[in-house]
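In the numbering used here, the protein residues as written are 128 to 262. The structure appears right after this line, and notes come after that.
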């Protein structure tokens, strides 16, 4: 299953709008998307309810989203997950969890940190540099 995540440092930058448009565009092309609203503000879920969207949206504003996602999204019903995240500045842990396919915390077996000695997890399985910007 493919996962797309909208991320930005700031709030009000269009993450929710982008996530909604992406999900609808993919649905129009035959995909079966679900929107996961990882923002505690809950705009995507609220818009889905108020607008009567034909696409499902679920709220999951959690720093363990990467662990919970498989239990929330039914792979038989959906082939695409579009995650709307909160601002990175405000909710670093949620955004890291939304981006990580898997990560280890320092002290876990085989653990690595972000290389800066910050104790933050290093992201694996994405195309970035392997580190998030320091706050």
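Glycine residues also receive a C-beta, built at the ideal position from the N, C-alpha and C atoms. If you're wondering where the values come from, they're calculated on a predicted model, not measured in any experiment.
Taking the C-beta atoms as reference points, residue 184 is found no nearer than 9 Å to residue 165. Here residue 211 is buried. Its C-beta has 16 or more other C-beta atoms within 10 Å. DSSP places residue 144 in the helix class (H, G or I) of the three-state scheme.
Straight through space, the alpha carbons of residue 161 and residue 174 are spaced by roughly 14 Å.
Under the DSSP definition of a beta bridge, residue 184 partners with 162. DSSP places residue 177 in the helix class (H, G or I) of the three-state scheme.
Less than 9 Å divides the Cβ of residue 208 from the Cβ of residue 128. In the DSSP assignment, residue 209 falls within the beta strand (DSSP E) that extends over 207 to 211.
Measuring C-alpha to C-alpha distances from residue 169 to each of 195, 202, 205 and 146 identifies 146 as the nearest.
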